[in-house]
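J.: So the protein lines, in turn, are chains A, B and C. When we follow this note's numbering, the leftmost residue of the first sequence carries the number 1, and every step to the right adds one. When we follow this note's numbering, the leftmost residue of the second sequence carries the number 1001, and every step to the right adds one. When we follow this note's numbering, the leftmost residue of the third sequence carries the number 2001, and every step to the right adds one. Here it is: the structure, laid out below.
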Amino acid sequence: MADKVLSVRGLNAYYGNKKAVLDVNVDFYKNKITAIMGPSGCGKTTFLRCLNRIHEVNIEARARIEGDIFLNGENIARMHPILVRRRIGMVFQKPNPFPHMTIYDNVIAGYKLNGIKKKKHEFDTIVEQSLTRTALWEEVKDSLYDRGTFLSGGQQQRLCIARALAMNPDVILLDEPTSALDPIATAKIEELLNELKENVTIIIVTHNMAQAGRISDYTAFFYLGELLEYGTTEKLFTNPENEKTENFLTGRFG
Amino acid sequence: MTMMKAGDARGAEAVSASRLTSHKMKEKGFASFLLFAGISVLMVLGAFFVTLVLQSWPLFRETGFSFFTTLRWAPMEEAFSVLPFLAGTLMTSLLSILIAFPFSMALSILLGEYLKTGPFAAAFKSVTELLAGIPSVIYGFWGIMILMPLIQSLQMKLGLIPYGVGILTASLILSVMIIPYAASLGRDVISMVPGELKEAAYAMGATRSEVVFHVILPYARSGITAGFFLALGRAVGETMAVTMLIGNSNFIPRGIFSPANTMASVIANEFGEADGMHTTALIAVGLVLMILTGLINYAGKSIMKRFQVGG
Amino acid sequence: MKNPSVSKRMVKDHFFKGLVLFFASLVVIPLFLLLGYIFKKGIGAINWDFIFSMPAGVGESGGGIVHSLTGTLILIIIAVILSVPVAVATALFINDHPKNKISRMIRFTVDMLQGIPSIIMGIVVYIWIVLPMKNFSAFAGGVALGIMMLPIVIKSTEETLKMVPESLKEASMALGAPYYKTVLHVILPAGLSGILTGVLLGVSRIAGETAPLLFTAFGNPFLNTNIFKPVDALPLLIYNYSTSPYPEWHSLAWGASFILVAFVLILNLITRLVVKKWQIKY
Chain A
1 MADKVLSVRG LNAYYGNKKA VLDVNVDFYK NKITAIMGPS GCGKTTFLRC
51 LNRIHEVNIE ARARIEGDIF LNGENIARMH PILVRRRIGM VFQKPNPFPH
101 MTIYDNVIAG YKLNGIKKKK HEFDTIVEQS LTRTALWEEV KDSLYDRGTF
151 LSGGQQQRLC IARALAMNPD VILLDEPTSA LDPIATAKIE ELLNELKENV
201 TIIIVTHNMA QAGRISDYTA FFYLGELLEY GTTEKLFTNP ENEKTENFLT
251 GRFG
Chain B
1001 MTMMKAGDAR GAEAVSASRL TSHKMKEKGF ASFLLFAGIS VLMVLGAFFV
1051 TLVLQSWPLF RETGFSFFTT LRWAPMEEAF SVLPFLAGTL MTSLLSILIA
1101 FPFSMALSIL LGEYLKTGPF AAAFKSVTEL LAGIPSVIYG FWGIMILMPL
1151 IQSLQMKLGL IPYGVGILTA SLILSVMIIP YAASLGRDVI SMVPGELKEA
1201 AYAMGATRSE VVFHVILPYA RSGITAGFFL ALGRAVGETM AVTMLIGNSN
1251 FIPRGIFSPA NTMASVIANE FGEADGMHTT ALIAVGLVLM ILTGLINYAG
1301 KSIMKRFQVG G
Chain C
2001 MKNPSVSKRM VKDHFFKGLV LFFASLVVIP LFLLLGYIFK KGIGAINWDF
2051 IFSMPAGVGE SGGGIVHSLT GTLILIIIAV ILSVPVAVAT ALFINDHPKN
2101 KISRMIRFTV DMLQGIPSII MGIVVYIWIV LPMKNFSAFA GGVALGIMML
2151 PIVIKSTEET LKMVPESLKE ASMALGAPYY KTVLHVILPA GLSGILTGVL
2201 LGVSRIAGET APLLFTAFGN PFLNTNIFKP VDALPLLIYN YSTSPYPEWH
2251 SLAWGASFIL VAFVLILNLI TRLVVKKWQI KY
């Protein structure tokens, strides 16, 4: 078995009195893609947002959580959230490049926003590497200093992935990153994720079964806030243990 | 494709502990700065009120409630009553609302229902915005130069003393000043009437004017009322144009042609030269003015809020 | 009458529409009269000397208003410096804690502040600043105008911040950015056009205010750039000259009115351009 990068132990999340995530225990393996699946409202997004403590950002409607999450054996609750988020990057459902920044500045936004100073040529390298890894370099290398808003949705999303990669994180969380994209752009992103896993651990929330089947090594199936089944994607798709998983996979609900 | 060096520190250059502490400190500092700014805004309002109360207190201590019960304002004789100015204020502001009413209603209905878009709507909107943008002192100046002579000749025809200045003159200018405000509030309220309601009425064969009278206006009534309350609040507190046109007389006005003073105008006219108890009394007038506008605005805002939630 | 004919109802309908149009159109008349007079009488008074020289003596013709232009500029700068940081920070606080008790109180306060008559600003700032410092000053005038600007800038900034999508904030936080950096480098730049609009709107509102200045900036027939001494301002000059008995001064007041109105209108125009040009689409 591969190394465990992220381990979740006894995780519960509540909104007020409503439980959104129920006693979840799971390990995520290094340089693998893990898909988190389940019908809408099953708590998969809430779960993902606990992993880098981004759920704390919204002060007023913040989920309360119990349980522990370990990043390489370190409890993230005891780390400063800034550190957690630098090591666990995130890509959101809708592409959200910073509209007031150029493409170049978007890629190195993580450094700029953290006040990390580097020489111009070092930033140049980071920008080129990150954009190359997201297969965007050829498309935007002549317009690096334009604002990213003219890019297509798929390009914007790859820019967001590049932005996360530039920080060189251990893990990248993706929250239904292709749900706002057309099939061709989706295919490009899936291909990309497959290449990226050589360097980074990927956790992706998707409600698209086919997508999970195509790209993931492991799959976690959530239902009403509970982790019902977790295993290799092959095992889960061909021989699910839980009846609800099977029903979902065969399209009987969801 | 160039690969990242395998030995690269993960998590972006492993942040040094000192930098993290400095982030934490700045984070705290920033949050307290925001809170501090918010609280200082709260304090400004409180401090206004407290200042006015404290500074006008000596008057109430010395003369009790005569400020509200006598009718004379004669600073030389240390006689101070707010009533002449309360009367002047209410007369000018209510008269101006009365004059403004048909015009601002017409504008609200026109822009909220008949002409929602297009060049004419834009033109009417620009007109109201331009009117709203002209400073009060210029309204006053214009009133002195143009309106005053007109009123004078009207007074001569009616056989009255041709003051030119007075309640009517001030109210006329005031009404022009508040029409844009009342109209824009009214337009917002009218355009919030749900389309389904209007369609239901049209579907029953109603004409447009019938829809306006039987659906739109009843539905928007409380919002429109709120708009006039807010406009009244403006009129009550309006200073410069009124000061220049009302005639600066400290007696209870006898009619719409008589010169008078509003609470705002008596402060503008006398505060500069006042001292001792006179100053204190003017501050007390200011306190009454602030409370009055506060109440009117509060009423307007709460009716408007209820309309927006309920509607 | 139980069942009025359709044609009768249509006549009524047209009549009502005509009435609405008639009354609405009448509003145009005072605007034309106002702008017409200001333009006709004002443009004649304006020349190089008018803008760049000091006023002439009583009853003499000619002379200029450079002292009040300078004063107005100084007052606006003080008001902006004092109010904008507080207003933006306050709006950020409300935006971060929309349901918090303090935020609700601030919102209420802002509504109430907006309704305070401008003359009250004048006397309160007189008590706060002019009395203890023992003289009228540009600073006191700037404070009064700054307080008038506060609610305008707070409201427009709050509206703008509401429009900045939560996802941008999250994107920045997910990169590990501290919250204050997120605000300074992501949220505020994204809302810059809206904030600027609010500031310009606020400036155009206070530029013509007279009442708060009567007992603070006070007015000054001489050129002054010391912010702790009284200064003149365009609206003060218009007030003083227009209530004077001298026709020469009336003509100066028309010229000053023209400049003030032009300034306010141009500012409004710029505001619209800023909205269009700088607006960031999410």
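For every residue, glycine included, the Cβ atom is placed at its ideal position computed from N, Cα and C.
Pairs of beta-carbons, one from the stretch 1217-1233 of chain B and one from the stretch 1137-1148 of chain B, closer than 8 Å: are there three or more?
T.: Cβ pair count under 8 Å is below three, so no.
J.: Where alanine 2211(C) and proline 2030(C) are concerned, what is the direct C-alpha to C-alpha distance, given to the nearest angstrom?
T.: Their Cα atoms are separated by approximately 23 Å.
J.: Just to confirm the assignment: which complete beta strand (DSSP E) runs, minimum length 3, are found wholly within the stretch 144-221 of chain A?
T.: As far as the stretch 144-221 of chain A is concerned, its whole beta strand (DSSP E) runs of at least 3 residues are 171-175, 201-205.
J.: Mapping DSSP to helix, strand and coil, what is leucine 136(A)?
T.: Correct three-state label for leucine 136(A): coil.
J.: Exposed or buried, what is methionine 101(A) when buried is set at 16 or more other beta-carbons lying within 10 Å of its beta-carbon?
T.: Buried: at least 16 other Cβ atoms inside 10 Å.
J.: Chain A beta carbons: is any one of them nearer than 8 Å to that of lysine 2181(C)?
T.: Judged by the 8 Å Cβ criterion, lysine 2181(C) is in contact with chain A.
J.: Pairs of beta-carbons, one from the stretch 1080-1094 of chain B and one from the stretch 1245-1253 of chain B, closer than 8 Å: are there three or more?
T.: In short, these stretches touch, since the Cβ pair count reaches three.
J.: Using a Cβ-Cβ cut-off of 8 Å, state whether arginine 85(A) counts as contacting chain C.
T.: For arginine 85(A), the answer is yes, since a Cβ of chain C falls inside 8 Å of its Cβ.
J.: Interface residues of chain A around leucine 1020(B) at Cβ under 9 Å?
T.: Per Cβ cutoff of 9 Å: His80, Ile82, Leu83.
J.: Could you give the distance in angstroms between the alpha-carbon of methionine 2010(C) and the alpha-carbon of threonine 1207(B)?
T.: C-alpha separation (whole angstroms): 7 Å.
J.: Residues of chain C with a CB under 7 Å from the CB of proline 1253(B): which are they?
T.: The contacting residues do not exist; proline 1253(B) stays about 20 Å from chain C at best.
J.: Check the Cβ-Cβ distances between leucine 2150(C) and every residue of chain B, and say whether any is below 8 Å.
T.: It does: the Cβ of leucine 2150(C) has a partner Cβ on chain B nearer than 8 Å.
J.: Hey, which unbroken runs of the alpha helix (DSSP H) at 4 residues or more fall wholly within the stretch 48-115 of chain A?
T.: Here the runs fully enclosed are 81-87, 103-107, 109-114.
J.: How would you write the range of the alpha helix (DSSP H) that arginine 14(A) sits in, first residue to last?
T.: The question names arginine, but residue 14(A) in the sequence shown is tyrosine. Not the alpha helix (DSSP H): tyrosine 14(A) falls in the beta strand (DSSP E), residues 4-15.
J.: Comparing C-alpha positions only, which one of Met1240(B), Val1127(B), Ala1281(B) sits nearest to leucine 2034(C)?
T.: Selected option, being the one with the closest Cα: Val1127(B).
J.: When the Cα atoms are used, what is the spatial distance from arginine 1234(B) to serine 2068(C)?
T.: Spanning the two alpha carbons is a distance of roughly 27 Å.
J.: Give the list of continuous alpha helix (DSSP H) stretches no shorter than 4 residues that lie fully inside the stretch 1192-1245 of chain B.
T.: Correct list: 1195-1203, 1208-1211, 1217-1237, 1240-1245.
J.: So, at 6 Å on beta carbons, what are the nonlocal neighbours of phenylalanine 2023(C) in its own chain, with the 5 sequence-adjacent residues on each side left out?
T.: Result list for phenylalanine 2023(C): empty, nothing under 6 Å.
J.: List the residues of chain E whose Cβ lies closer than 7 Å to the Cβ of methionine 2173(C), in chain order.
T.: In the structure shown, chain E does not exist; the protein chains are A, B and C.
J.: With a threshold of 6 Å on Cβ separation, who are the neighbours of proline 99(A) within its own chain once the five nearest residues in sequence on each side are excluded?
T.: Only Thr149 meet the Cβ criterion.
J.: As a quick exercise: from Val2027(C), Arg2272(C), Val2020(C), Phe2015(C), pick the residue whose alpha carbon is nearest that of proline 1180(B).
T.: Ranking Val2027(C), Arg2272(C), Val2020(C), Phe2015(C) by Cα distance to proline 1180(B) puts Val2027(C) first.
J.: Among residues of its own chain, excluding the 5 on either side of isoleucine 1246(B), which ones have a beta-carbon nearer than 8 Å to its beta-carbon?
T.: Only Gly1088, Thr1092, Val1165, Gly1166, Ile1167, Thr1169, Ala1170, Pro1259, Ala1260, Asn1261, Thr1262, Ser1265 meet the Cβ criterion.
J.: When you compare the CB positions of isoleucine 2076(C) and isoleucine 2206(C), do they come within less than 8 Å of one another, or not?
T.: The answer is yes: Cβ separation under 8 Å.
J.: Is glycine 1007(B) helix, strand or coil by DSSP?
T.: Low local confidence applies: a pLDDT of 38 at glycine 1007(B) is under 50, so the model's placement there is unreliable, with the coordinate-based value given in what follows. Coil, per DSSP.
J.: Determine whether the beta carbon atoms of valine 200(A) and lysine 44(A) lie at a separation below 8 Å.
T.: Their beta carbons are not under 8 Å apart, which means valine 200(A) does not touch lysine 44(A) by this criterion.
J.: Since alanine 35(A) and threonine 233(A) should fall inside the 8 Å C-beta cutoff, what is the C-beta to C-beta distance between them, to a whole number of angstroms?
T.: Right, the Cβ-Cβ distance comes to about 7 Å (below 8 Å), so this counts as a contact.
J.: Does methionine 2054(C) come out as helix, strand or coil in the three-state DSSP assignment?
T.: Reduced to three states, the DSSP call for methionine 2054(C) is coil.
J.: Looking only at C-alpha atoms, which of Ala2138(C), Ile2123(C), Phe2258(C), Leu2131(C) sits nearest to lysine 2040(C)?
T.: Nearest C-alpha to lysine 2040(C): Phe2258(C).
J.: Could you please give me the residues that DSSP links to isoleucine 227(A) through a beta bridge?
T.: Here residue 227(A) turns out to be leucine, not isoleucine, going by the sequence shown. The partner list for leucine 227(A) (beta bridge, DSSP) reads Phe222(A).
J.: Buried or exposed for asparagine 106(A), please, with buried defined as at least 16 other CB atoms from any protein chain shown within 10 angstroms of its CB.
T.: It is buried - the Cβ of asparagine 106(A) has at least 16 other Cβ atoms within 10 Å.
J.: For valine 2086(C) and phenylalanine 1048(B), which I take to be in contact (beta-carbon distance under 8 Å), what is that distance rounded to the nearest angstrom?
T.: About 16 Å; that fails the 8 Å criterion.
J.: Under the rule that 16 or more other beta-carbon atoms within 10 Å means buried, what is arginine 133(A), buried or exposed?
T.: Arginine 133(A) is buried by the Cβ-count criterion.
J.: Taking all protein chains shown into account, decide if lysine 1983(C) is buried (16 or more other Cβ within 10 angstroms of its Cβ) or exposed.
T.: An answer regarding residue 1983(C) cannot be provided, because it is not within the stretch 2001 to 2282 covered by chain C.
J.: Considering only DSSP beta bridges, list what threonine 34(A) is partnered with.
T.: DSSP, once it has assigned bridges, lists Ile203(A), Tyr218(A) as partnering threonine 34(A).
J.: Show which residues of chain B have a CB atom less than 8 Å away from the CB atom of isoleucine 2147(C).
T.: The contacting residues are Val1044.
J.: When the Cα atoms are used, what is the spatial distance from asparagine 173(A) to lysine 117(A)?
T.: Residue identity differs from the one stated: residue 173(A) is leucine in this sequence, not asparagine. Rounded to the nearest angstrom, the two C-alpha atoms are 26 Å apart.
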